[in-house]
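Here the structure is laid out as structure tokens; the discussion comes afterwards.
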Amino acid sequence: MGKKAKTVLGVDIGGTKIKTGRIFGEEVVQTSLSKVNQNDSLEDSISRLLMTIDEVMTTDVEAIGIGVPAVVDPDSGMVYDVQNIPTWKKVPLKELVQKQFNVPVHLNNDANCFALGEKYFGKGKPYKNCIALSLGTGLGMGILIDNKLYNGVLCGAGEIGMLPYKDGILEQYAGSFFFEETYGESAKILYQKAMDNDTAALSAFKTYGVHLGIAIKAILYLYAPECIVLGGSISNAYTFFKASLDDALDSFAYQKQLENFKIETSDLVDSPILGAAALCL
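So the sequence shown is residues 275 to 555, counted in our numbering.
This is how it looks when you write it as structure tokens:
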């Protein structure tokens, strides 16, 4: 069969928690979790991170991958202005973790990790050119070109949510802000109502699909991918916005291009951990 399966760690630094998993082959074999406390000092939050890693660390771990919601320099290993951890303004994260555990450490932002996780473990496997879109609080995007992650400068490529749109930016219409601002309820609550066939909730997702369709048309014009994998909490409601999204793609100028194009939804459990682990593969 060829390559021997590696044992690596994936670390997801999220908005409210740090989760670490030890992965062997394609299996998450052990996880650990700690809360992110926004009032922690830099030293306390780093020691919390190291403790979370230590809980699943074993002698056969070959490398550690870390996904961070921030501007990341993967070469120097510096992270800047980490969302939700105010003390992390400029942190030499790679150096700190490598020094502690003495194995190679790889960093990237969370959207890029999501894309890489889908490539190695999920729906992105069959495709050379694939986009991963994370539909959550914001609109995150990771880009795979010829089977390689495209980072841009400081992992800044793929910030499609920042594109001007209507009276603001795309993220305001294709992230969870849209539901709260327009309907006064979270996407999660509206999803539950849509499951019960609530007319207003179904209408909300139909409108959301139109906005997301505009974003996807922009991606198609820019990158012409074979596949877009949707992840993040809002992707659970895909059945409720699929039809209006498809309608929005009817006006895409190059219909021939769509013959071999697919939209998939992620079914990875522990996607952020697997994505971070994929940085090591």
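For each residue, glycine too, the CB sits at the ideal point set by N, CA and C.
Quick caveat, the model's predicted, so the values are computed rather than measured.
Going by alpha carbons, who is nearest to residue i out of the options?
i: Met331; options: Gly398, Gly506, Phe298; result: Phe298
i: Asp541; options: Tyr528, Ala511, Leu476, Ser525; result: Ala511
i: Ala385; options: Glu533, Ile292, Val346, Phe526; result: Val346
i: Gln357; options: Val427, Leu381, Gly288; result: Gly288
i: Ser315; options: Gln374, Asp349, Asn425, Lys363; result: Lys363
i: Glu459; options: Ala478, Ala448, Asn313, Val353; result: Ala478
i: Val365; options: Asn376, Leu381, Phe375, Val377; result: Leu381
i: Gly295; options: Leu323, Val310, Glu317; result: Leu323
i: Lys278; options: Leu519, Asp334, Ile292; result: Asp334
i: Ile292; options: Asn376, Ser321, Glu300; result: Ser321
i: Gln466; options: Ile508, Leu494, Val377; result: Ile508
i: Thr361; options: Asn311, Phe388, Gln374; result: Asn311
i: Asp524; options: Thr513, Leu548, Val484, Asp544; result: Val484
i: Leu423; options: Asp441, Glu392, Asp355; result: Glu392
i: Thr513; options: Asn313, Met325, Asn471; result: Asn471
i: Phe535; options: Asp520, Leu548, Val543, Asp544; result: Asp520
i: Asn383; options: Tyr457, Gly442, Leu367, Val377; result: Leu367
For residue i, report the span of its beta strand (DSSP E) as first-last.
i: Lys291; result: 291-298
i: Ser308; result: 301-309
i: Lys536; result: 536-539
i: Val345; result: 345-347
i: Val503; result: 501-505
i: Ile434; result: Unbroken run through Ile434: none, as it is neither H nor E.
i: Ala337; result: 337-342
i: Val281; result: Per the sequence presented here, residue 281 reads as Thr, with Val not at that position. Residues 281-287.
i: Pro427; result: Correcting the residue type first, residue 427 is Val in the shown sequence and not Pro. Counting along the chain, Val427 falls outside any beta strand (DSSP E), and DSSP gives it neither H nor E.
i: Leu331; result: The residue you asked about is not Leu; residue 331 is Met in the sequence shown. It is not in any beta strand (DSSP E) - Met331 carries neither H nor E in the DSSP assignment.
i: Val353; result: 352-354
For residue i versus residue j, is the C-beta spacing smaller than 7 angstroms?
i: Val379; j: Glu336; result: no
i: Gly351; j: Ala550; result: no
i: Glu533; j: Val503; result: no
i: Ser450; j: Ala461; result: yes
i: Ala475; j: Leu486; result: no
i: Val371; j: Val353; result: no
i: Gly339; j: Cys501; result: no
i: Asn556; j: Lys402; result: Coverage of the chain is limited to positions 275 through 555, which leaves residue 556 absent and any answer about it impossible.
i: Met415; j: Gly432; result: yes
i: Ala552; j: Tyr439; result: no
i: Leu437; j: Leu444; result: yes
i: Ile359; j: Ser308; result: no
Would you grab the beta carbon distance between residue i and residue j for me? Rounded to a whole angstrom, and I think it's under 8 angstroms.
i: Ile405; j: Tyr497; result: 6 angstroms
i: Phe506; j: Leu390; result: Inspection of the sequence shows that residue 506 is occupied by Gly rather than by Phe. 16 angstroms between Cβ atoms; not a contact.
i: Ala517; j: Lys491; result: Contact flag wrong, Cβ pair sits at about 16 angstroms.
i: Asp286; j: Pro499; result: Not really, about 24 angstroms apart at Cβ, beyond 8 angstroms.
i: Gly412; j: Gly430; result: Gly412 to Gly430, Cβ: 14 angstroms. No contact.
i: Ala489; j: Ala448; result: 5 angstroms
i: Lys480; j: Phe453; result: The pair is not a contact, with the Cβ atoms about 12 angstroms apart (cut-off 8 angstroms).
i: Leu494; j: Gln531; result: 7 angstroms
i: Leu418; j: Gly442; result: The pair is not a contact, with the Cβ atoms about 28 angstroms apart (cut-off 8 angstroms).
What span of residues does the alpha helix (DSSP H) with residue i cover, start to end?
i: Thr411; result: Thr411 -> no alpha helix (DSSP H), and no H or E assigned at all.
i: Lys467; result: 461-469
i: Ala475; result: 473-497
i: Cys387; result: 384-395
i: Thr456; result: 451-457
i: Thr513; result: 512-523
i: Met325; result: 316-328
i: Gly549; result: 545-552
i: Tyr447; result: 445-448
i: Leu367; result: 367-375
Output yes if chain B places a C-beta closer than 7 angstroms to the C-beta of residue i; else output no.
i: Leu523; result: Of the protein chains in this structure there is only one, and it is not chain B.
Give a single yes or no on whether residue i has its beta carbon closer than 6 angstroms to a heavy atom of the ligand NAD.
i: Ser321; result: Annotation note on the ligand NAD: not contained in the displayed structure, which lists no ligands.
Three CB pairs or more closer than 8 angstroms across the segment 318-331 and the segment 285-304 = They touch, by the three-pair rule.
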